Amino acid sequence: ELAAHGMGQILDMVPNHMGIMGADNWRWLDVLEHGQASPHAGFFDIDWHPAEAELRGKVIVPVLGDHYGSVLERGELQLRLDEAEGSFSLWFFEHRLPIDPHEYPRILGHRLDALGARLGGEHPLFLEYQSLIAAFAHLPPRDASDEEGRAERHRDTPIHKRQLATLVASSADLRQFLGETLEVLNGQVGEPASFDALHALIDVQAFRPAYWRVAADEINYRRFFDINDLAALRMEREEVFQATHALVFRLLQRGILHGLRIDHVDGLFEPAIYLERLQGLYREARPEAREGLYVVVEKVLAARERLREDWAAAGTTGYEAGHLINGLFVDVDGRDRLLRTWRNFTGVREDFDTILVRARRDIMRTALASELNVLANRLSRIADMDRHTRDFTLNALRRALREIVACFPVYRTYLREGMVAEDDRHHILRAWSLAKRASGTADRSVFDFVRDVLLGTLAEGKSEHYRLVVRDFAMRVQQFTSPVMAKGMEDTAFYRYVPLASLDEVGSDPRLFGIEPEAFHRGNRLRQKHHPHAMLSTGTHDSKRSEDVRARINVLSETPVLWRQHLSRWHRINRARLASLDDLPAPSRRDEYLLYQTLLGSWPEAPFDSPEHQAWTQRIGDYMIKAVREAKEYSSWVNPSQDYEEAVRHFVDAILDPVRGRRFLEAFVPFAGQVAHFGRLNSLAQTLLKLAIPGVPDIYQGNELWDLSLVDPDNRRPVDYARRQQCLADLQRIEEEEGRLALCRRLLAGDASGMLKMHVVRTALALRQERESLFARGNYLPIAIEGDGPGRACAFALQQEGEAVVVVVPRMTFALLQGEPRWPVGEVWGGTRLSLPTPSRQWTNVLTGQPLVVDARGQDSSLAAVLADFPLALLAAGPGPAAMGG
């Protein structure tokens, strides 16, 4: 069906991890059943030799809802027989934990005398049953190190299970006996001793069921962040790659797939090698293909960091492009006033660097403590291998590693086969320097030891085994720094530091307050040079708030004085609604500050007594509960504070209630209306930029119209596609009946639905389709804005072989329009001018369908003329586009 519409398909793939809980991941279940003897044990990143001796050869399964002993004695762990398969499993509700077949005799032989008495000691079934018990007992144990023993175990286990299934199916007596045995083994609630046999059976398995909270301190498989249900894969192993990409290979062979989006690429052991393998897979699947597979990677680039040139990918999924676009609509001049308002209102004096380092420490102390412990134990073993370093204690090593990771300036480094690129060396040395300088430890040489391990210099001149151990540790630290940064920055610091919440976004950095047009152009030219087909994104399922919410909040950077005044007034009005917990206000000043920004960004402009307003109130309450839990200071996901959360919810409900909150709402709406108008202007401008700058634009679901969603799960609500189809049909109908210019005037006169945004989207996409080569390969030329307001607009051109398009968007127009909610068109631009790149051309603004009147030289034009009828311009030169409208 896609092919019929001239479309392709890009598959979103997650090679780093997979779901393991429940009862449907057969590879994971095989590992739980056979431990290290499982042929799939190498699929998962499991530490089979942890520091705790009792855990060696086992996998902790943190799935229980309470402490193990309590769960066991409540009868929530149930041993069951699958009669058709002839297998035993331990079940915790929907979660299955298969029993080691070598231990079946503990079940089958329990109460054996009772079965003998029932059937008779010489009964053929009883004799065959005893023989089967012996067969299971003679299976090689799961810790057998020889390949022959493991092969025998896997050859004979299914045979013995089928024999058991056959016996059970043939005898009602045996079925009844095993049912009674399981009932006995499953214990009697209220009689703790009755669970001893089941506990003994569980204790000899390849798994250890544990309370889910245990994972924070003690776990021996690598997870996706701190999610116990998602176990990391060892994608660096060829057999794992081949097995997990078999379906992708078939889809590529059949021409169903045309590209891949690789999720969480930083979790992989060696991303560059993985991407090379992907391209090799594609060449094998489609040997006739002239170009490589289109691959984009979900990679968050830190400030001044660039995607590695040796990665076989078209680019990233576009976080850094979103940062570039969003920053263009943040007024650099408003920074100091906004920060002063933030500090004065909240009392927070720390800068973002300090908050970020502390947040990452908190993450390593809580959610990712177990991963830090695993690494610290590995590091301790390395220290013990050399007499010069064996005096470093485990605690000192853990502390030094934690501090260096907390100071890391990027998500991760990319050491490869012992080689340390200059960028990576710089990042490691910077983290080491900051951590060592801030340390209060008496002996700081432990920091030098960790530095030398990460750089690999410690292994120089040492044995091959030592070098391999050091290299493996350094590679694993890389896989750790990324989730620490993500959880510490995106999911913690972004909720603790909110002077301008629109900067607290994945791929952005609140330390970088605004982007000038020169930097914007520089970023676009770099992308065109190095990754011209990278994705461009202003919103994803991971966004902290939608592109339209950010566009509104950005307006506060243009109006810092008004923001301060309204913030103070709203606080005075709502002060009586605040609760007091331990002599502190609830919500806190920080959370109240964030709340007001969130209200401005997401206000639906609906009547107070409407269902939409009521739904918005609920959504705001839900968002604020998530925000305070993510901040992890007054509440958290692990330890939620019911009192604080109820106070926050009550505050939100009260101030947004049409009756109780009327005074606040009447004070809120006028400024919210101003912000909403200028936010819409920002949104239109950023939409056009995303659709025109070098790269491949990605529109998140539903964002063809205004979308005022907040963080997940709010941004994953069902999209009303029928409404969008109707809006598109209405746009087409009005244009056909009245012409494009009349359509634009009607939309500018009043458009609550977002059809104005959809008009920009559909028109720009139509031109991209018509002039595909120009947008894909045209030379990017920044255009200078001169005259009265050079900083209030941004313009550039794409040029190729006599064809050209020019994009002009307004920015920072609140002062230009004196805060009046009108559009910046016509004479409001005064003497502001720009120079078009190709003289003596007929230009047409595709958005309005109107020709542009230029001066006699055919090159210079006033912004008043370019933006005469519409606040944006998408000018096309060369052969007239077919979709110009009239």
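Position in the sequence shown (from 1) plus 303 gives the number in the numbering used here. Cβ coordinates follow ideal geometry from the N, Cα and C atoms, glycine included. Keep in mind it's a predicted model, so treat the numbers as computed, not measured.
Residue range 1043 to 1052 is occupied by the alpha helix (DSSP H) that includes C1047. Cβ neighbours of M1058 within its own chain (closer than 8 Å, five residues either side excluded): L1008, C1030, D1033, L1034, L1050. Contact annotation: G924 and D956 have beta-carbon atoms nearer than 8 Å. Of the candidates L367, D476, Q466, D476 places its Cα closest to the Cα of L415.
Secondary structure note for L641: its alpha helix (DSSP H) is the uninterrupted segment 638 to 649. When C-alpha distances from R661 are compared across E425, R799, H352, G1152, the shortest belongs to R799. In this chain, the alpha helix (DSSP H) harbouring S473 covers 450 to 473. Between the alpha carbons of P408 and L367 lies a gap of roughly 26 Å. Between V551 and I707, the alpha-carbon positions lie close to 39 Å from each other. Annotation for M324: no alpha helix (DSSP H) segment contains it, and DSSP assigns it neither H nor E. Cβ atoms of L563 and I313 come within 8 Å of each other, at about 7 Å. For F752, the closest alpha carbon among the candidates E720, Y769, S1012, T692 is that of T692. Put simply, the backbone Cα of T1147 is about 15 Å away from that of E1073.
Within the same chain, Cβ atoms closer than 8 Å to the Cβ of L829 are found at R609, the five residues on either side in sequence being excluded. Membership of D566 in any beta strand (DSSP E) is not indicated, and neither H nor E is assigned to it by DSSP.
CA-to-CA, the gap between W614 and Y577 works out to about 9 Å. Distance from the Cα of L596 is smallest, within the candidate group E623, A518, R611, L560, for L560.
A check of alpha carbon separations from H916 across A1025, E587, D960 identifies D960 as the nearest. In this structure, E1075 keeps its C-beta atom at 8 Å or more from the C-beta atom of R1136. Looking at H398, L1070, R1114, the one whose alpha-carbon comes closest to that of A1107 is L1070.
Following the DSSP letters along the chain, one finds W394 inside the beta strand (DSSP E) bounded by residues 390 to 395. In this structure, the straight-line span from the alpha carbon of A1168 to that of A741 is close to 58 Å. In this structure, T795 sits near I666, with a CB-CB distance shorter than 8 Å. Taking 8 Å as the cut-off, the beta carbon of F346 is found no closer than this to the beta carbon of R646. Distance from the CA atom of V507 to the CA atom of D446, rounded to whole angstroms, is 12 Å.
It is roughly 35 Å from the alpha-carbon of A575 to the alpha-carbon of A930. In chain order, V1109, W1146, V1157, Q1162, S1164 place their CB closer than 7 Å to the CB of L1139, counting only its own chain and leaving out the 5 sequence neighbours on each side. Taking D687 as the centre and dropping the five residues before and after it, the same chain places the C-beta of R693 closer than 7 Å to its C-beta, in chain order.
Proximity to Q466 across L485, E431, E455 peaks at E431, based on C-alpha coordinates.
By the beta-carbon neighbour count (other beta carbons within 10 angstroms, threshold 16), Q479 is exposed. Between the stretch 636 to 655 and the stretch 766 to 783 there are fewer than three C-beta pairs closer than 8 Å, too few to call the two in contact.
Its chain contains G810, S840, T841 as the residues whose beta carbon lies nearer than 6 Å to that of G625, once the 5 sequence neighbours on both sides are disregarded; these appear in chain order. Beyond the five residues adjoining it in sequence on each side, I1037 comes within less than 6 Å, by CB distance, of L1046 in the same chain, given in chain order. With 16 or more other CB atoms across the displayed protein chains lying within 10 angstroms of its CB, K993 is buried. Positions of the beta strand (DSSP E) runs, each at least 3 residues long and wholly inside the stretch 538 to 600, are given as 562 to 565, 597 to 600 in order along the chain. Contact between L1101 and F1078 holds, since their C-beta atoms are separated by about 6 Å, short of 8 Å.
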